[in-house]
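Asker: Under the numbering used here, think of the first position of the sequence shown as 41, with each following residue one higher.
Note that CB positions come from ideal geometry on N, CA and C, so glycine has one too.
Here it is, the structure, as structure tokens.
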Amino acid sequence: MTGRLEGKVALVTGAAQGHGLAEARAFAAEGAIVVLADVAVEAGAAAAADIGGTAEFAALDVSDEAAWRSVVDGIVARHGRLDVLLNNAARYRTGPLLDESPQSLARLADVNLYGPFLGIQAVAKPMTAGGGGSIINVSSTAGLTGYAGHGAYGLSKWALRGLTRVAAVELAPLGIRVTCLIPGAVAGPMLESNVPPEVLADPAHWAGTPLARAGRPEEVARAAVFLASDDSSYVTATELVVDGGSTGTG
Ligand SMILES: NC(=O)c1ccc[n+]([C@@H]2O[C@H](COP(=O)([O-])OP(=O)(O)OC[C@H]3O[C@@H](n4cnc5c(N)ncnc54)[C@H](O)[C@@H]3O)[C@@H](O)[C@H]2O)c1
């Protein structure tokens with residue numbers, strides 16, 4: 041059976057662990073050549089080796105414009121094309137809005153917002169040359185509503201939704217679709233850094249989530265495969281929420 045991403049070359053940022061790793065694994069299973077990019081060099085290289093096959097690792101700090109150019113140029117030199125960019129890398133932290141400084145906000149935005157922005161700029165040309173592509177920006181339900189303590193993170197994730205729409209409109213004539221994937225609470229280090237295990241294990245914690253549990257990275261990855269593949273060929277400028285229904289009940 042042919043995979044849904046057969047013949048495509050995909051770049052996944054923040055792929056050393058968590059969703060990015062699950063997404064890279066799913067892309068590879070669907071036949072893509074996957075480049076896992078991350079600042080975590082050892083873990084990222086190990087993740088690519090674990091996926092095996094044609095998966096490869098590239099060191100990339102998404103806030104570094106020159107590094108984007110070098111990674112994208114390398115992919116085009118090795119594989120001749122780049123079809124999919126999954127802007128997944130992000131930093132997460134919480135804290136009261138009134139304690140936020142412009143400097144700490146900027147440090148988070150450098151990764152969570154300017155990272156995807158630089159990525160879009162870096163891949164547009166090779167994608168166009170290859171006949172088009174799919175760019176997926178990973179936001180969060182913190183970018184759909186206002187969670188206490190999520191001022192800086194939420195701001196970056198709200199902004200990504202706007203970036204998605206503008207990029208979708210501007211890049212559509214180039215054959216590039218731009219979409220936004222919006223996970224809710226998904227099991228992994230990011231969620232566990234914010235919510236203690238005993239709270240996560242308590243059914244009462246999930247009362248506002250119709251599916252009554254945390255998501256799994258693999259469930260986010262399946263949505264990413266859809267947005268990356270030609271199955272979503274008439275889908276752009278839109279959002280796919282993978283949150284067990286948590287934001288659909290208000
Ligand atoms: N986990 C959740 O519950 C959840 C919920 C909603 C949205 N999200 C979003 O999903 C995405 C993945 O989340 P996760 O839980 O897998 O996160 P994670 O913290 O487990 O993984 C993030 C990865 O990004 C990498 N990274 C950090 N800064 C980087 C940089 N400057 N350049 C390149 N790589 C960098 C890290 O090394 C790490 O491998 C993020 O965009 C996050 O905001 C997560």
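The beta strand (DSSP E) with LEU280 in it runs from where to where?
Answerer: Against the sequence shown, residue 280 aligns to sequence position 240. Secondary structure note for LEU280: its beta strand (DSSP E) is the uninterrupted segment 279–282.
Asker: Could you have a look at VAL260 and say whether DSSP puts it in helix, strand or coil?
Answerer: Within the sequence shown, numbered from 1, the residue matching residue 260 stands at position 220. Three-state result, VAL260: helix.
Asker: Identify which residue in SER233, GLU70, LEU51, GLY248 has its Cα closest to the Cα of VAL111.
Answerer: Here residue 111 corresponds to residue number 71 of the sequence shown, with the count starting at 1. It is LEU51.
Asker: Three or more C-beta pairs under 8 Å: does that hold for the stretch 259–268 against the stretch 279–290?
Answerer: yes
Asker: Whole angstroms are fine: how far does the CA of PRO237 sit from the CA of ALA188?
Answerer: For the purposes of this step, residue 188 is identified with residue 148 of the sequence shown, where counting begins at 1. For the purposes of this step, residue 237 is identified with residue 197 of the sequence shown, where counting begins at 1. Distance between the alpha carbons of ALA188 and PRO237 is about 20 Å.
Asker: Indicate whether LEU76 and ALA95 have their beta-carbon atoms separated by less than 8 Å.
Answerer: For the purposes of this step, residue 76 is taken as residue 36 along the sequence shown, with counting starting at 1. For the purposes of this step, residue 95 is taken as residue 55 along the sequence shown, with counting starting at 1. Cβ atoms of LEU76 and ALA95: closer than 8 Å.
Asker: Would you verify that the beta carbon of GLU140 is, or is not, closer than 8 Å to some beta carbon of chain D?
Answerer: Note that chain D does not occur in the displayed structure, where there is just one protein chain.
Asker: Candidates VAL79, ASP139, GLY159, LEU153: which alpha carbon is nearest ASP303's?
Answerer: Past the boundaries of the shown model lies residue 303; the chain is included only from 41 to 290, so the question cannot be answered.
Asker: With VAL151 and VAL102 assumed to form a contact (beta carbons below 8 Å), what rounded beta-carbon distance in angstroms separates them?
Answerer: Taking the sequence shown and counting its residues from 1, one reaches residue 151 at position 111. Taking the sequence shown and counting its residues from 1, one reaches residue 102 at position 62. Contact flag correct, Cβ pair sits at about 6 Å.
Asker: CB THR181 to CB ILE216, shorter than 8 Å?
Answerer: Mapped onto the sequence shown, residue 181 falls at position 141. Mapped onto the sequence shown, residue 216 falls at position 176. No, the pair does not count as a contact, with Cβ atoms beyond the cut-off.
Asker: Using three-state DSSP, classify ARG109 as helix, strand or coil.
Answerer: Numbered from 1 along the sequence shown, position 69 holds the residue referred to as residue 109. In the structure shown, ARG109 sits in a helix (DSSP, three-state: H, G or I).
Asker: Nearest to ARG147 by alpha carbon, out of GLY173, ILE175, ALA192, ALA99?
Answerer: Counted from its first residue, the sequence shown places residue 147 at position 107. Of GLY173, ILE175, ALA192, ALA99, the residue nearest in Cα terms is ALA192.
Asker: With hydrogens ignored, establish whether the beta-carbon of GLY288 is closer than 7 Å to any heavy atom of ligand 3.
Answerer: Judged by which ligands are present, ligand 3 is missing from the structure shown, whose ligands are ligand 1.
Asker: Any heavy atom of ligand 1 closer than 7 Å to the CB of ALA56?
Answerer: The count along the sequence shown starts at 1 and reaches residue 56 at position 16. Under cutoff, so the answer is yes.
Asker: In terms of alpha-carbon separation, which member of PHE157, LYS165, ALA252 lies closest to THR289?
Answerer: Residue mapping note: residue 289 aligns to position 249 of the sequence shown, counting from 1. Nearest of PHE157, LYS165, ALA252 to THR289, Cα basis: ALA252.
Asker: Can you pull the DSSP bridge partners for SER273?
Answerer: Here residue 273 corresponds to residue number 233 of the sequence shown, with the count starting at 1. In the DSSP output, where bridge partners are listed per residue, SER273 has none listed.
Asker: In the DSSP assignment, the alpha helix (DSSP H) including VAL209 goes from what residue to what residue?
Answerer: One-based indexing of the sequence shown puts residue 209 at position 169. 191–211 is the extent of the alpha helix (DSSP H) around VAL209.
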